[in-house]
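What follows is a short report on a single structure.
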Amino acid sequence: MDTKIFDIEKLNLKEKEKAIYEASQAIKSGELVIFPTETVYGIGADGLNYEAVSNIYKAKGRPSDNPLILHVCDLDMVRDVTDCDLGVLEKLAKAFWPGPFTAVLKKSEKVPLITTGGLDTVAVRIPDNDIAVELIRKSGTPIAAPSANISGKPSPTKPEHVIHDMSGKVKIILCGDKCRVGIESTIIDLTNEEPMILRPGIISATQISKVIGRTVAMDAAASIKNRESENDVNPKAPGMKYKHYAPSAQMIILQGKRSDVEREITEIKKQRESQGEKVGVILFEENDFENAARELFSKLRKMDDDGVDLILAGALDEKDEIGFAVMNRMLKSAGYNVREV
Ligand code: TXA
Ligand code: MG
6 MDTKIFDIEK LNLKEKEKAI YEASQAIKSG ELVIFPTETV YGIGADGLNY EAVSNIYKAK
66 GRPSDNPLIL HVCDLDMVRD VTDCDLGVLE KLAKAFWPGP FTAVLKKSEK VPLITTGGLD
126 TVAVRIPDND IAVELIRKSG TPIAAPSANI SGKPSPTKPE HVIHDMSGKV KIILCGDKCR
186 VGIESTIIDL TNEEPMILRP GIISATQISK VIGRTVAMDA AASIKNRESE NDVNPKAPGM
246 KYKHYAPSAQ MIILQGKRSD VEREITEIKK QRESQGEKVG VILFEENDFE NAARELFSKL
306 RKMDDDGVDL ILAGALDEKD EIGFAVMNRM LKSAGYNVRE V
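Position in the sequence shown (from 1) plus 5 gives the number in this note's numbering.
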């Protein structure tokens, strides 16, 4: 398939509108469109169209029991895809939408099971990106969109990442800026008495608790380390059980006092390089967790581009809630290969 690529940032207002209009027409006719969000790029299709959604799974090579998030532009669109009262979601929406926050609700009849991976619940969010919101509004339908990477690879945070993974597989790519957040949205399940975070993100449990005035649980599967296999604990978000964010290189996370981690990295690097291997290092500023979130996936992809054999990464402090969310991804990237130093 010929993929049409629009560099939205370089277009004037009129051209921009035209490009988004063309993309919305593609969505309406069941085609795939890639668009930027504040978290990562998404590969979208009409979330209520069975055929269109099934093509997302094909393009990504994604297992069909892994449900998609519906991207909506307002609460009316949310009401359309659930039969239940929005309840606490109204408060949460006021606080966090548009933004990197996804709510899981009971689904309505309208939403096909292919979108929800066979579940009777549906995930929804309003992204904080003008191109995305305009595309949804013009399409007039919720857009099902997983991250626009080949399944298993790091999520795309820059236009070149989606062009690399998805050229020839989608009708249109809307290229925007580099994603501001860099890791995917926080997912919270609101279908039970106690809300539960299924995937941590930059919107934290503490922030959510404050808004709804009650405690929030964290899915135990979100932070387990050093497991032989990820299947030991069954995560509640189906997607969290799959191999994820994996660079081609082997990856080791070093955890301990900063000075010890730095020394260990230098030592391993020297040793491996003497064996002719190419070694890459990911060591973020200790307390700049937002920067770590923004840069992690992009750095992992760069390592692959550079043909690195081994990645040595410094662990982040999981006591910080954003540090915890970034570590959730880093641990998956490394296949839970953590070395205490
Ligand atoms: O920031 C984001 O959320 C990005 C951008 C594009 O919006 N999207 C994203 O989608 O990360 P994806 O498909 O890569 O991840 C969606 C996650 C998966 O782990 C999936 O299992 C979970 O959401 N999920 C979707 N619907 C669910 C449901 N009804 N119940 C539980 N988990 C659900
Ligand atoms: Mg994904």
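Don't be surprised by glycine CBs; every beta carbon is placed ideally from N, CA and C.
What are the start and end residues of each continuous alpha helix (DSSP H) run of 4 or more residues lying completely inside the segment 81 to 105, in chain order?
-> Counting whole runs of 4 or more residues, the segment 81 to 105 contains the alpha helix (DSSP H) stretches 94 to 101.
Residue from ALA254, ALA318 and ILE136 whose Cα sits closest to the Cα of ILE148 | For the residues ALA254, ALA318 and ILE136, the minimum Cα distance to ILE148 belongs to ILE136.
Using DSSP bridges, identify the partner residues of GLU345.
-> GLN260
Between the Cα of ASP79 and the Cα atoms of GLU114, LYS63, VAL129 and VAL93, which residue gives the shortest distance?
-> VAL129
Buried or exposed: which applies to GLY92, given that a residue is buried once 16 or more other Cβ atoms fall within 10 Å of its Cβ?
-> exposed
Compute the distance between the beta-carbons of VAL58 and THR196, then report whether it is under 9 Å.
-> no
Please indicate yes or no: does the CB of ASN5 lie closer than 8 Å to some heavy atom of the ligand MG?
-> Because the chain is modelled from 6 through 346, residue 5 falls outside the range shown and cannot be assessed.
Identify whether MET223 lies in helix, strand or coil by the three-state DSSP scheme.
-> strand
Using DSSP with H/G/I as helix, E/B as strand and the rest coil, what is SER172?
-> coil
Any idea what DSSP makes of GLN280, helix, strand or coil?
-> coil
Just grab the DSSP bridge partners of CYS180 for me.
-> ASP12
Contact check, ARG287 vs LEU301, beta carbons under 9 Å | It is worth fixing the name first, because residue 287 is Ile in this sequence and not Arg. Yes, the Cβ-Cβ distance between ILE287 and LEU301 is below 9 Å.
Top-ranked residue by Cα proximity to ILE119, from GLU139, TYR62 and THR220 | TYR62
Of the listed residues GLY312, ASP314, GLU290 and ASP309, nearest to GLY328 (C-alpha basis) = Relative to the Cα of GLY328, the nearest Cα in the group GLY312, ASP314, GLU290 and ASP309 belongs to GLU290.
Run through the segment 316 to 346 for me and flag every whole beta strand (DSSP E) of 3 or more residues, listed as ranges in chain order.
-> 343 to 345
THR220 vs GLU198 beta-carbon contact at 9 Å | no
Euclidean distance between Cα positions of HIS166 and ASN154 | Each residue's Cα considered, the two are about 8 Å apart.
Buried or exposed: ASP265, going by 16 or more other Cβ atoms within 10 Å of its Cβ?
-> exposed
DSSP-derived helix/strand/coil call for THR120 | Three-state result, THR120: coil.
Along the chain, where does the beta strand (DSSP E) that runs through ASP135 open and close?
-> First-last for ASP135: 135 to 144, but that is the alpha helix (DSSP H), not the beta strand (DSSP E).
Residues of its chain near ASP194, where Cβ-Cβ distance is below 7 Å and the 5 sequence neighbours each way are ignored = VAL109, PRO200, MET201, LEU203 and LYS241
Per DSSP, GLN255 forms a beta bridge with which residues?
-> GLN255 is bridged to LEU315.
Integer-rounded CB distance, given that SER209 should sit under 8 Å from GLU43 | Not really, about 16 Å apart at Cβ, beyond 8 Å.
Beta-carbon proximity of ILE270 to ILE177, cut-off 9 Å | no
Does the ligand TXA have a heavy atom nearer than 8 Å to the CB of ILE168?
-> no
Please go through the same chain and pick out, in chain order, the residues whose beta-carbon is closer than 7 Å to the beta-carbon of VAL175, but skip the five residues on each side of it.
-> THR8, LEU37, VAL38, ILE39, ILE48 and ALA64
Counterpart residues of ASP194 in DSSP-defined beta bridges = VAL109 and MET201, per the DSSP bridge assignment.
Thinking ASP309 and PRO252 are a contact (beta carbons under 8 Å), I'd like their distance in whole angstroms, please.
-> 5 Å
May I ask whether a heavy atom of the ligand MG can be found less than 8 Å away from the beta carbon of GLU56?
-> no
Roughly how far, in whole angstroms, is the beta-carbon of THR191 from the beta-carbon of PRO105, given that I think they are within contact range, below 8 Å?
-> 6 Å
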